[in-house]
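A.B. asks:
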Amino acid sequence: MQILETRTYRGANLYALWPVIRLRLDLGELEEFPTGRLPRLAERLVELIPTLAEHTCSYDAPGGFVRRLSEGEGTWLGHVLEHVALELQCLAGTPVTFGKTRSKGLPRGQYHVVYSYRREELGHAAAEVALRLLRHLLPPEREAHLPGPFDLAHELAGLCRLAEENAFGPTTAALVRAAEERDIPWLRLNDGAMLQLGHGRHQQRIEASVTGRTSYMAVEIAADKHLTNEILGGLGLPVPRQELAASPEEAVAAAERIGYPVVVKPFDGHHGHAVAIGLSYAEAVRAACARALERSRAAVVESCAKGRDYRILVVDGRVVAAAERVPGHVVGDGRSTVTELVEQVNADPRRGWGHAKVLTRIELDEQAERLLAQARLTRESVLPAGHVFPLRSTGNLSTGGTAIDRSDEIHPDNREMAVRAVQAVGLDVGGVDFLSPDVARSWREAGGAIVEVNAGPGFRMHVAPSEGTPRDVAGPVIDMLFPRGRTARIPIAAITGTNGKTTTTRMVGHVLQLAGYTVGMATTDGVHVGGRLTVPGDWTGPQAARLVLSDPQVDAAVLETARGGILRAGLGFRKCSVGAVLNVAADHLGLGGVDTLDELALVKRLVVEVARDWCVLNADDERVAAMAEHSPGEPVLISVEPHNPRLRDHLRLRRKAVVLEPARQGPEIVLYEGDQRVPLLAAREVPATLDGCALFNVQNAMFAAAIAHCLGVGVETVRQGLRTFACEFERTPGRLNLYDEGLPFQVLLDYAHNAPAVEALAGALRALPVEGRRIGVLAAPGDRRDEDIRATGAAAAPAFDRVVLREDDDLRDRAPGETADLLRAGLLAAGFPEDRIEPGFFSEEEGTRRGLEIAAPGDLVVVLGDELDRCWEQIRAFRPVRPAAEALEPAAVRA
8 MQILETRTYR
18 GANLYALWPV
28 IRLRLDLGEL
38 EEFPTGRLPR
48 LAERLVELIP
58 TLAEHTCSYD
68 APGGFVRRLS
78 EGEGTWLGHV
88 LEHVALELQC
98 LAGTPVTFGK
108 TRSKGLPRGQ
118 YHVVYSYRRE
128 ELGHAAAEVA
138 LRLLRHLLPP
148 EREAHLPGPF
158 DLAHELAGLC
168 RLAEENAFGP
178 TTAALVRAAE
188 ERDIPWLRLN
198 DGAMLQLGHG
208 RHQQRIEASV
218 TGRTSYMAVE
228 IAADKHLTNE
238 ILGGLGLPVP
248 RQELAASPEE
258 AVAAAERIGY
268 PVVVKPFDGH
278 HGHAVAIGLS
288 YAEAVRAACA
298 RALERSRAAV
308 VESCAKGRDY
318 RILVVDGRVV
328 AAAERVPGHV
338 VGDGRSTVTE
348 LVEQVNADPR
358 RGWGHAKVLT
368 RIELDEQAER
378 LLAQARLTRE
388 SVLPAGHVFP
398 LRSTGNLSTG
408 GTAIDRSDEI
418 HPDNREMAVR
428 AVQAVGLDVG
438 GVDFLSPDVA
448 RSWREAGGAI
458 VEVNAGPGFR
468 MHVAPSEGTP
478 RDVAGPVIDM
488 LFPRGRTARI
498 PIAAITGTNG
508 KTTTTRMVGH
518 VLQLAGYTVG
528 MATTDGVHVG
538 GRLTVPGDWT
548 GPQAARLVLS
558 DPQVDAAVLE
568 TARGGILRAG
578 LGFRKCSVGA
588 VLNVAADHLG
598 LGGVDTLDEL
608 ALVKRLVVEV
618 ARDWCVLNAD
628 DERVAAMAEH
638 SPGEPVLISV
648 EPHNPRLRDH
658 LRLRRKAVVL
668 EPARQGPEIV
678 LYEGDQRVPL
688 LAAREVPATL
698 DGCALFNVQN
708 AMFAAAIAHC
718 LGVGVETVRQ
728 GLRTFACEFE
738 RTPGRLNLYD
748 EGLPFQVLLD
758 YAHNAPAVEA
768 LAGALRALPV
778 EGRRIGVLAA
788 PGDRRDEDIR
798 ATGAAAAPAF
808 DRVVLREDDD
818 LRDRAPGETA
828 DLLRAGLLAA
838 GFPEDRIEPG
848 FFSEEEGTRR
858 GLEIAAPGDL
868 VVVLGDELDR
878 CWEQIRAFRP
888 VRPAAEALEP
898 AAVRA
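Quick note, the sequence shown lines up with residues 8 to 902 if you use the numbering used here.
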């Protein structure tokens, strides 16, 4: 039993609209041994992981999974692996529940094991541990490579550490929850806590509680504790007397001027590190200053304010929470040593390392040793029952402190004081450390002092206090970044289909640019922002979506969404404004586990399932039209057949549609919306349609009109956009690019690479007036099925008078000449004369040259290219040397 492949889906995918991991598991001979034939496996599995008994599985009740293991012949180990991988993640502190295991389309004994995850690294590690656990439970004769002893506690501890290392801290996790509750998309920008909230130009960036709006100057002031003290004191706010010291001797002199007891801390420290409180003699001040100078260029010596330690959190000029911080401590029981008491405290599952847990473990470090020594105690001392002994000078949670919520108790004067202090420093989010006998009493009456104002304050003590009510402090931060009425999203159009995706995407982008948008566009030839190519290459997958949605200039995204990207990694977004499916036709079948048109339709349907506003669908394609019922968006139908019954029913409901209707000036594109019928323009007015001859581009223009209108573009702008969109190579490479400069004939470069596309192109070529012959330079990708390549040849037969067969540079595991022979067979089967096919086969460069060489004045050479840039340069550089022998044939010859 082994894992052959692991695939990670980070967005909506074929299995779920949330992230999942898919394993390809090979059971080998264990395919013959479901759990019912493996003695005591179910019993031992539940003994090891008792919480598996809670899994409902297919019985929709706790205990369902255990029943599946035991009833009849049981279930197969792929299904077991799914449940164990899920439960291990739950035990590591990241609850997940979704999973499925399927064998469809795989060799016997192989399974796709799919399960959800929240932390990618943990999800992968859980699968490896689950596999080792199942191997451990197998009888020796069933597992050829029996591993050594399996220690589940050790493995689980490793998973817990991994979960903590890769988890968001409490502050970032709270911000993500608040964003999701407000339907604000987010992206993780690094391995730490930096997030992008929102898309494109609406995005805001935040790292922990430091926002993109947090002033650098304010952070610098907050870090300078002495300057902060002077600014606040100058405003009449309560602050302790304070001096700076660059050496231990200067610190002692400052302490004597201020008066004992004093506090010594680093000039720009944080998290309470190297802070010493209540120092009453010179030697203690010297030692504390030396420790502070190890962390900072200067030490702060200040008068020791009396009272409890409070943190008051201010967001956007408003106090949103207050907490009392209690230093990390132990409570004696009259029996246990200090070391044992610390171990008991750290056994609390809420405690961990760093900021991943709501509480931090207490360490018996130098500071704890110093406090013990001051009290004439050691690690082995036994404290009296009930005696509370602090092991920290400060109440910072990062050093083991606990927090008590006091948000409802804080006095209005203290609220005002905290807001003034944060505003004086200039922070949008700030934490005020306030020492006071009682935060419920005014500082004017009870006294107290602001000892620090913190930039980037942690939320842990407020969202998960040790005592009291948790507070939503992340929500006010999100509300500040995205005030009521302001959107965090940009319009997103996701466009998929077998053919026409790139042209339609380009058309929509062109119309949106005319409407004033800065468009981010992803296509097979690159990522474009504001009309400029920013990243060349085939960018039609989830990474392209991330690039576009992360660009702060973009205020509308148009994303060509290809089958391959969906199968490899899902979508790069969870919701789009408009999802469009142009068509579903035979291409790429037999690849990626997709063997039929119905399976291909399921892949394409994903963009419809995440379309929250509109889904734009081809009414003339039954599979596509049926997708409407799977979308949360309002359906918009596109049809070149005005009498389509499906379209008629749709229009009776007064829904939006774009229809090609007959008119006196030729077929006309018409928009229907509610009771309105709005003629847009004649098909021949769209330059990309070659005077209306290219019906497929008429249809693409209809999709573009509908998508743009759904995104809020007015009718007149849609008209103007379609009228000014031409198939120039620079704008749409490989899409009906015509060239005749300096040539006695015309050349058309196109990317058609499957039978439906070539059939559509053939229809346009037959309708296009040509004085001479139509010469085709044909090719097909080698990774298509034999029948698909033959069908491409057959589709080309009616369109050409002469054919040159070529092959792509990348043969895709075919033998030289094999693809050309399949194309030839398709041509001949469709009745194309063999003597009109150039003998042999050519490389792409040679085939293009041959097609140009045999052309005569008045001919049209159609090159189906793969390396488009090279083909185009070759066409532009070609100059006829002398008339070819074939030019002597009559111009009117037709196949």
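Even glycine gets a Cβ: it sits at the ideal position worked out from N, Cα and C.
With distances taken from CA atoms, which of 445, 645, 296 and 349 is nearest residue 338?
C.D. replies: Reading the sequence shown from its first residue, position 331 is the one you call residue 338. It is 349 whose Cα lies nearest to the Cα of residue 338.
A.B. asks: Which of the three DSSP states is assigned to residue 55 in this structure?
C.D. replies: Taking the sequence shown and counting its residues from 1, the one referred to as residue 55 is at position 48. Looking at residue 55 - three-state DSSP - the assignment turns out to be helix.
A.B. asks: I need the straight-line Cα distance from residue 707 to residue 763, nearest angstrom please.
C.D. replies: Counting from one through the sequence shown, the residue named residue 707 turns up at place 700. Counting from one through the sequence shown, the residue named residue 763 turns up at place 756. The alpha-carbon atoms of residue 707 and residue 763 are separated by roughly 15 Å.
A.B. asks: In chain order, what are the residue ranges of uninterrupted beta strand (DSSP E) at least 3 long that sit wholly in the stretch 291-373?
C.D. replies: As far as the stretch 291-373 is concerned, its whole beta strand (DSSP E) runs of at least 3 residues are 306-310, 315-322, 325-333 and 336-338.
A.B. asks: So is residue 615 buried or exposed if we call it buried at 16+ other beta carbons inside 10 Å?
C.D. replies: Stepping through the sequence shown from its first residue, residue 615 is reached at position 608. Result: buried.
A.B. asks: Per DSSP, what kind of secondary structure is residue 625 in: helix, strand or coil?
C.D. replies: Sequence index remark: in the sequence shown, residue 625 carries index 618 (1-based). Correct three-state label for residue 625: strand.
A.B. asks: For residue 844, which residues in the same chain have their Cβ closer than 7 Å to its Cβ, ignoring the five residues on either side in sequence?
C.D. replies: Start at 1 with the first residue of the sequence shown, and residue 844 comes out as number 837. Taken in chain order, the residues that qualify are 810, 812, 831 and 834.
A.B. asks: For residue 245 and residue 485, I'd like the C-alpha separation in whole angstroms.
C.D. replies: Here residue 245 refers to the residue found at position 238 of the sequence shown. Here residue 485 refers to the residue found at position 478 of the sequence shown. Using only the alpha carbons, I get a separation of about 31 Å.
A.B. asks: Relative to the C-alpha of residue 50, which candidate in 66, 32 and 70 has its C-alpha closest?
C.D. replies: By one-based count along the sequence shown, residue 50 stands at place 43. Residue 70 is the option with its Cα nearest to residue 50.
A.B. asks: Under 8 Å: do the stretch 181-198 and the stretch 477-495 share three or more Cβ pairs, one atom per stretch?
C.D. replies: The stretch 181-198 is in contact with the stretch 477-495.
A.B. asks: Can you give the Cα-Cα distance for residue 111 and residue 578, rounded to whole angstroms?
C.D. replies: Position 104 of the sequence shown, counting from 1, holds the residue named residue 111. Position 571 of the sequence shown, counting from 1, holds the residue named residue 578. About 22 Å.
A.B. asks: Unbroken beta strand (DSSP E) runs of length 3 or more, entirely within the stretch 187-274: which are they?
C.D. replies: Complete beta strand (DSSP E) runs here, min 3: 193-195, 201-204, 211-214, 249-252 and 269-273.
A.B. asks: Exposed or buried, residue 528, counting other C-beta atoms within 10 Å across all chains shown (16 or more means buried)?
C.D. replies: Indexing the sequence shown from 1 puts residue 528 at position 521. Classification of residue 528: buried, given that the 10 Å Cβ count is 16 or more.
A.B. asks: What does DSSP give as the partner residues of residue 731 in its beta bridges?
C.D. replies: Translated into positions along the sequence shown, residue 731 becomes position 724. In DSSP, residue 731 forms no bridge with anything.
A.B. asks: Between 760, 663 and 696, which has its C-alpha nearest residue 718's C-alpha?
C.D. replies: Translated into the one-based positions of the sequence shown, residue 718 becomes position 711. Selected option, being the one with the closest Cα: 663.
A.B. asks: Quick check on the DSSP output: the beta strand (DSSP E) that includes residue 108 runs from which residue to which?
C.D. replies: Within the sequence shown, numbered from 1, the residue matching residue 108 stands at position 101. From DSSP, the beta strand (DSSP E) with residue 108 extends over 106-109.
A.B. asks: Check whether the stretch 156-163 touches the stretch 57-64, taking contact to mean three or more Cβ pairs, one atom from each stretch, closer than 8 Å.
C.D. replies: The answer is no - the stretch 57-64 does not touch the stretch 156-163, with fewer than three Cβ pairs under 8 Å.
A.B. asks: Who are residue 506's beta bridge partners in DSSP?
C.D. replies: Here residue 506 refers to the residue found at position 499 of the sequence shown. DSSP, once it has assigned bridges, lists no residue as partnering residue 506.
A.B. asks: Quick check on the burial criterion: 16 or more other C-beta atoms within 10 angstroms. Buried or exposed for residue 223?
C.D. replies: The residue you call residue 223 lines up with position 216 of the sequence shown. Residue 223 comes out exposed.
A.B. asks: For residue 195 and residue 204, which I take to be in contact (beta-carbon distance under 8 Å), what is that distance rounded to the nearest angstrom?
C.D. replies: For this step, residue 195 is matched to residue 188 along the sequence shown. For this step, residue 204 is matched to residue 197 along the sequence shown. Rounded, the Cβ-Cβ distance is 11 Å, inconsistent with contact.
A.B. asks: Taking only the alpha-carbon atoms, compute the straight-line gap between residue 328 and residue 679 and give it to the nearest angstrom.
C.D. replies: As a first step, residue 328 is located in the sequence shown; it is residue number 321 there, counting from the start. As a first step, residue 679 is located in the sequence shown; it is residue number 672 there, counting from the start. Between residue 328 and residue 679, the C-alpha separation is close to 54 Å.
A.B. asks: Going residue by residue through the stretch 492-553, where are the continuous alpha helix (DSSP H) segments of at least 4 residues, counting only ones entirely within it?
C.D. replies: For the stretch 492-553, whole alpha helix (DSSP H) runs of length 4 or above, ordered along the chain, are 508-521.
A.B. asks: Assuming residue 801 and residue 837 make a contact with CB atoms under 8 Å, what is their CB distance in whole Å?
C.D. replies: Against the sequence shown, residue 801 aligns to sequence position 794. Against the sequence shown, residue 837 aligns to sequence position 830. Contact holds; Cβ gap of about 4 Å.
A.B. asks: Could you tell me which of 622, 267 and 228 sits nearest to residue 432, measuring between CA atoms?
C.D. replies: For this step, residue 432 is matched to residue 425 along the sequence shown. Residue 432 has its Cα closest to that of 228, out of 622, 267 and 228.
A.B. asks: Any idea what DSSP makes of residue 151, helix, strand or coil?
C.D. replies: As a working mapping, residue 151 is identified with position 144 in the sequence shown. Residue placement at residue 151 is flagged as unreliable, the pLDDT there being 47, under the threshold of 50; the coordinate-derived value follows with that caveat. DSSP places residue 151 in coil when its eight states are reduced to three.
A.B. asks: Relative to the alpha-carbon of residue 681, which residue among 572, 661 and 435 has its alpha-carbon at the smallest distance?
C.D. replies: Residue 681 sits at position 674 when you count from the first residue of the sequence shown. Nearest option by C-alpha distance: 661.
A.B. asks: Tell whether a beta-carbon distance below 7 Å holds between residue 622 and residue 600.
C.D. replies: Locating residue 622 in the sequence shown gives position 615, where the first residue counts as 1. Locating residue 600 in the sequence shown gives position 593, where the first residue counts as 1. No, the Cβ-Cβ distance between residue 622 and residue 600 is not below 7 Å.
A.B. asks: Report the rounded CA-to-CA distance for residue 542 versus residue 739, giving the unit in angstroms.
C.D. replies: Here residue 542 corresponds to residue number 535 of the sequence shown, with the count starting at 1. Here residue 739 corresponds to residue number 732 of the sequence shown, with the count starting at 1. Each residue's Cα considered, the two are about 16 Å apart.
A.B. asks: Going by alpha carbons, who is nearest to residue 630 out of 657, 648 and 592?
C.D. replies: Along the sequence shown, read from residue 1 onward, the residue named residue 630 stands at position 623. Residue 630 has its Cα closest to that of 592, out of 657, 648 and 592.
A.B. asks: In the DSSP output, what is residue 583 paired with across the bridge?
C.D. replies: Counting from 1 along the sequence shown, the entry for residue 583 is found at position 576. In the DSSP output, where bridge partners are listed per residue, residue 583 has 618.
A.B. asks: Between which residues of its own chain and residue 152 is the CB-CB distance below 6 Å, once the five residues before and five after are set aside?
C.D. replies: On the sequence shown, position 145 is the one that residue 152 refers to. Bear in mind that a pLDDT of 48 at residue 152, under 50, signals an unreliable position, so the number given afterwards is only what the model happens to contain. Hits under 6 Å: none found.
A.B. asks: Does the Cβ of residue 9 have 16 or more other Cβ atoms within 10 Å, making it buried, or fewer, making it exposed?
C.D. replies: The residue given as residue 9 occupies position 2 in the sequence shown. Residue 9 should be labelled exposed.
A.B. asks: Taking DSSP as the reference, what is the three-state secondary structure of residue 476?
C.D. replies: Mapped onto the sequence shown, residue 476 falls at position 469. It is coil, neither helix nor strand.
A.B. asks: Which residue comes first and which comes last in the alpha helix (DSSP H) that contains residue 711?
C.D. replies: If you number the sequence shown from 1, residue 711 lands on position 704. Note, residue 711: alpha helix (DSSP H), 702-717.
A.B. asks: Let me confirm a value: residue 309 is counted as buried when at least 16 other C-beta atoms fall within 10 Å, else exposed. Which label applies?
C.D. replies: For the purposes of this step, residue 309 is identified with residue 302 of the sequence shown, where counting begins at 1. When all chains shown are included, residue 309 counts as buried.
A.B. asks: Kindly list the residues whose CB is nearer than 7 Å to the CB of residue 686, restricted to its own chain and excluding five residues on each side of it in sequence; keep chain order.
C.D. replies: As a working note, residue 686 is residue 679 in the sequence shown. So the qualifying residues of the chain are 675 and 677.
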